[in-house]
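Visitor: Using the numbering used here, the letters of the sequence shown map in sequence onto residues 7 to 633. What follows is a single structure, and I will ask about it in a moment.
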Amino acid sequence: MDAPAWMLNILFYPATLRPTPPSFSSVTETIGERGENEWSSSRESFIRLFSLIPFGILTAILINERGILLRQKYFKYGLIAIMLARFICDLFPLLTTGVLTIVSADGYGWCTGVTLIMGYYRDAYEATLTSVTFSRLVVAYNRFPASIWWKILIGLLILLVALTLMFAMFLMISNSSSLGMAIICMVNSTSHLSKNDESLLNTSTPQSGCAQLGTIDWEPTKQSYLFSANYYGSIVTVLFTGTIADRFGPKRLLLVTFSIATILTFAAPFLAQFEYWSYFIARFIIGMGDGFVYPCINSLGGWWFPISEKSSMAALYSSGIQVAAVGSSLFGSRLCEVEFMGGWPLIFYLYGTLGVVFLNCFYFVVTDHPSDNKWLTREELRFLESSHGETARKRKLSTIPWKSIFTSPTVYACIFCSFTFSFSASINLNFLPSYFKEELSLPLSSNGLYTMVPFLCQLFFKNLFAYIADNLKRSGHLTPTQTVKAFQALGSFGSSIGYIALALLPSCERTWMALVCGFIFGLSFSSGVCGFFTCLLTIAPAYAGTITSLSMVFGQIGYALAPNTVSFVTLMEWPYKWQIILLLGAVLQILSGVVFSIAGSGDPAPWASSKVNLQKDACVEMEKLKD
C-alpha cells in the first residue's frame with residue numbers, strides 16, 4: 007500500500023511556500039533605535055542557538071542507537087544538514103550583533119538586515135529539507151516488514167520514559183533553585199545592608215522591574231537557612247531511600263513525593279508572607295522528598311533501558327538538571343518583572359502547574375517494570391527483557407564489604423569530589439543571580455541570561471564529553487583509569503580557573519567577562535560526569551548503590567554548606583564577600599583534582615571482583631552438594 011497522495015501533498019506543502027527575502031535597502035531603512043533592541047536581538051539569537059542542543063543530542067542518540075529507518079543515508083544526513091543550517095544561521099547574527107555594533111551605528115543596521123535575510127533563508131531551507139525527509143519516510147514505509155515497526159515503537163516508548171524521567175529531574179531541581187531568582191524580588195535588599203554596602207544606598211544603578219521593591223524582611227542569615235533547608239531534608243532520607251524504593255516500588259514513591267512537592271510549591275507564596283518558619287518547614291519537606299528521586303529514577307532506568315543504551319539514556323534524563331537551571335534563570339527573571347500578582351509568586355505557580363502536568367504524564371507513561379506497562383505487547387516485552395541479558399536477574403549478595411569500602415582510597419576520592427562539586431553546584435544554583443545583581447548591578451533581564459550560560463554549557467558538553475570518553479576507552483587510546491583521571495582533572499582544574507576568573511575579572515564596566523567566565527566554568531564542570539561520577543559506577547559494580555548513597559550523603563552536605571558559608575561571610579561583614587566565596591570554591595576544586603589524580607581509578611577494585619567471584623564459587627559448590 008503506497009503512501010496517500012494527500013499525505014505527500016501536506017508534507018511537501020511547506021516547500022511550495024518559500025518566502026521571498028526582502029531587499030537589503032528596505033531592511034536597513036526600517037531599523038529602529040539601537041538601545042535595548044540591540045541586546046534583545048543578540049539574546050534571541052543566543053537562545054535560539056542553544057535551543058538546538060537538545061535536538062542535536064536526541065538526533066545523535068537516534069542515529070547511533072536505534073531506528074531502522076536511520077539506515078537510510080538521506081535521513082541521517084538530512085537531519086545533520088538541518089542542524090548545520092540552523093547552527094550557522096543562528097551563530098552569524100549572534101557574532102555580528104556583538105561585533106558590527108561596536109564599529110558604528112550603521113553597522114547595526116547592516117547586521118540586522120543580514121540577520122533577517124538569513125532567517126528567511128533558514129526557514130525556507132528547513133521547510134524544504136523537513137518536507138523531503140518526512141516524505142521519504144512515508145514512502146519508505148512499504149520497504150520494511152511489520153515486525154520491524156514494533157521495535158521502532160518500543161524505542162519511542164523507551165525514549166518517552168527517559169523524557170518523563172528528565173521531567174522529574176527538571177522539577178526536582180526547579181523546586182529548589184526557583185528561590186534563587188525569586189528571592190531577589192521577594193526580599194527588601196536594602197533593609198539589611200552591611201556597613202561595607204551602605205554606600206549603595208546613594209549609588210545610582212540600573213533599575214529592573216522589581217529592583218528594591220521586595221516587601222519581605224528577611225536578614226541574610228535567614229535567607230541562607232532557606233537555601234539549606236532542601237539539602238538538610240535530603241540528608242535525612244537519602245540513607246534509606248533505596249530500601250524503601252525496592253519494597254514499595256519507585257513509581258508509587260515518586261507519585262507521593264511530587265504530589266506533596268507540588269502542593270507545597272503552590273502554597274509557597276502564602277507561606278513565605280505568612281511566617282518564615284512555615285516556609286522553612288515546607289522547603290525541608292520538599293528536600294526530604296528529593297532524597298527519594300535519585301534512587302527511584304535509577305531503579306526505573308535499570309529496568310527500562312537496554313544495556314547498550316544506558317549511558318545515552320542516563321545522559322538524556324540527567325540533562326533535566328541543566329534544563330531546570332536554565333529555565334529558572336530565564337523564566338524566573340521575566341516573571342519577576344511582571345506586575346500581575348506581584349510578579350515573583352508566578353514563579354512558584356508556574357512550577358506548581360508543571361508539577362500537575364508531570365504527575366499526569368508520569369502516571370500514564372511509566373511503570374515500575376516494563377511487564378506492568380499496558381502499552382507493551384508480549385513480543386515487545388520479550389525484546390526488551392532479552393536486551394538486559396544476565397543483568398535482568400537480580401544478584402543478591404549476602405554481605406556488603408564495609409571494611410573494604412571504608413579503607414579504599416578511591417572511594418574517599420570519589421566522596422571528596424562529590425562534596426566539592428555539590429558545593430560548587432549549590433553556589434551556582436542559588437547565588438549566581440545575587441552575585442550578578444550585587445557585584446555587577448545587572449538588571450533582571452540580563453541576570454537571567456548570565457545565570458543560565460554555565461548550565462547551557464554543561465547541558466551540551468556533558469553529553470559531548472561522555473561520547474568522547476567512551477570512544478577513547480573503546481579504541482584503546484586510554485585505559486579506563488587514565489580516562490577518568492584526565493576528565494576529572496579537566497573538571498576540577500578547569501572549574502577552578504573559571505571561579506578565579508569570575509572573582510577577579512568582571513566588573514560593572516566589563517560585565518561581558520562574566521559570560522566568558524561562565525562558559526569556561528560550565529565547559530569544565532561538565533567533564534566531572536566522565537570523572538568521579540563514572541568512577542562511582544565502575545569501582546565496585548555489585549555495590550554501586552551503596553557507594554553512590556555514601557557519596558550522595560556527602561554531596562548533600564556540600565549542597566547545605568554552601569548557603570551557610572555565604573551566610574557566614576555576609577555576617578562577618580568582610581569586604582570582597584563574593585570574591586572570598588568564589589575563591590573558596592576554586593580552592594576546593596583544586597584539592598579535588600589533586601586527590602583524584604592520586605587515588606582515582608576507573609577499573610573495578612580487586613576486593614569487589616573477588617567478592618563476587620567467591621560468592622559464585624560458593625553457589626556452585628552448594629549446587630553440587632545438593633545433587
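C-beta atoms are modelled at their ideal positions from N, C-alpha and C, and glycine is treated no differently. Just so it is clear, the structure is predicted and the values come from calculations on it, not from any experiment.
When you compare the CB positions of A520 and L508, do they come within less than 8 Å of one another, or not?
Guide: yes
Visitor: In its own chain, which residues sit with a C-beta less than 6 Å from the C-beta of S200, not counting the 5 before and 5 after it?
Guide: Confidence at S200 is low in this model, with a pLDDT of 49, below 50, so the placement of that residue is unreliable and no value is reported for it.
Visitor: Find out if the Cβ-Cβ distance for the pair A168, Y369 is shorter than 8 Å.
Guide: no
Visitor: Between which two residues does the alpha helix (DSSP H) containing M578 stretch?
Guide: Where M578 is concerned, there is no enclosing alpha helix (DSSP H), given that its DSSP letter is neither H nor E.
Visitor: By Cβ distance below 6 Å, which residues in the same chain neighbour G537 in space, the five residues on each side in sequence not counted?
Guide: V490, F493, Q494, G497
Visitor: Just checking my contact of C423 with S598 at CB under 8 Å: how many whole Å lie between their CB atoms?
Guide: 5 Å
Visitor: Does the separation of the CB atoms of S557 and C420 fall below 8 Å?
Guide: yes
Visitor: Quick check on V372: does DSSP put it in helix, strand or coil?
Guide: Three-state DSSP puts V372 in coil, outside helix and strand.
Visitor: Can you give the Cα-Cα distance for P449 and K443, rounded to whole angstroms?
Guide: 7 Å
Visitor: Please look up how many angstroms separate the CB atoms of T426 and L594, rounded, as I've assumed it's under 8 Å.
Guide: Cβ-Cβ separation between T426 and L594: approximately 4 Å, consistent with a contact (criterion under 8 Å).
Visitor: Have a look at T247 and E515 and give me their C-alpha separation to the nearest angstrom.
Guide: 49 Å
Visitor: Measuring alpha carbon to alpha carbon, tell me which of I269, F499, S230 ends up nearest G591.
Guide: F499
Visitor: Check this for me: beta carbons of G361 and I179, under 8 Å apart or not?
Guide: no
Visitor: Within the same chain, show all residues whose beta-carbon is closer than 7 Å to that of N181, passing over the 5 residues directly before and after it, in chain order.
Guide: A267, T271, I292, Y357
Visitor: By the three-class DSSP mapping on this structure, what secondary structure does V193 have?
Guide: strand
Visitor: Evaluate contact between the segment 453-473 and the segment 524-542, counting only Cβ atoms and requiring at least three cross-stretch pairs below 8 Å.
Guide: yes
Visitor: Between W613 and I303, what straight-line distance do the alpha-carbon atoms span, to the nearest angstrom?
Guide: Roughly 28 Å separates the two Cα atoms.
Visitor: By DSSP's criteria, I222 is part of a beta bridge. Which residues make up the other side?
Guide: According to DSSP, I222 bridges with V193.
Visitor: Which whole-angstrom value is the C-beta distance of G349 and C191, which I expect to be below 8 Å?
Guide: That belief holds up - the Cβ atoms of G349 and C191 are roughly 6 Å apart, short of 8 Å.
Visitor: Please report how far the alpha carbon of T552 lies from the alpha carbon of L577, in whole angstroms.
Guide: 38 Å
Visitor: Helix, strand or coil for S184, going by three-state DSSP, please let me know.
Guide: helix
Visitor: Is it buried or exposed, W518, if we count other Cβ atoms within 10 angstroms and call 16 or more buried?
Guide: exposed
Visitor: What is the DSSP secondary structure of S607, counted as helix, strand or coil?
Guide: coil
Visitor: Cα-Cα, which of A546, P610, L510 is closest to Q585?
Guide: L510
Visitor: Please state whether DSSP places N379 in a helix, a strand or coil.
Guide: coil
Visitor: At 4 residues or longer, what runs of the alpha helix (DSSP H) sit wholly inside the segment 505-550?
Guide: 518-531, 538-544
Visitor: Between P569 and S234, which are expected to be in contact by the criterion C-beta below 8 Å, what is the C-beta distance as a whole number of angstroms?
Guide: 5 Å
Visitor: Under the assumption that G297 contacts S240 (Cβ atoms under 8 Å), give the Cβ distance between them as a whole number of angstroms.
Guide: 4 Å
Visitor: Under 6 Å Cβ to Cβ from S430, same chain only, skipping five residues before and after it: list those, please.
Guide: G591
Visitor: Does DSSP put E345 in a helix, a strand or coil?
Guide: coil
Visitor: Just tell me which of F560, P486, Y582 has its CA closest to the CA of S513.
Guide: The shortest C-alpha separation from S513 is found at Y582.
Visitor: At which residue ranges does the segment 473-506 contain complete alpha helix (DSSP H) runs of 4 or more residues, listed in the order of the chain?
Guide: Taken in chain order, the whole alpha helix (DSSP H) runs of length 4 or more contained in the segment 473-506 number zero.
Visitor: What is the rounded straight-line gap between the Cα of S183 and the Cα of K228?
Guide: 16 Å
Visitor: Whose C-beta lies closer than 6 Å to the C-beta of Y565 among residues of the same chain, with five residues either side of it excluded?
Guide: Y237, S428, S432
Visitor: So, with DSSP's three-state summary, where would you put T2?
Guide: Limits of the chain in this structure are 7 at one end and 633 at the other, which puts residue 2 out of reach.
Visitor: How about A168: is its Cβ closer than 7 Å to a heavy atom in the ligand MN?
Guide: Among the ligands in the structure shown, none appear at all, so the ligand MN cannot be discussed.
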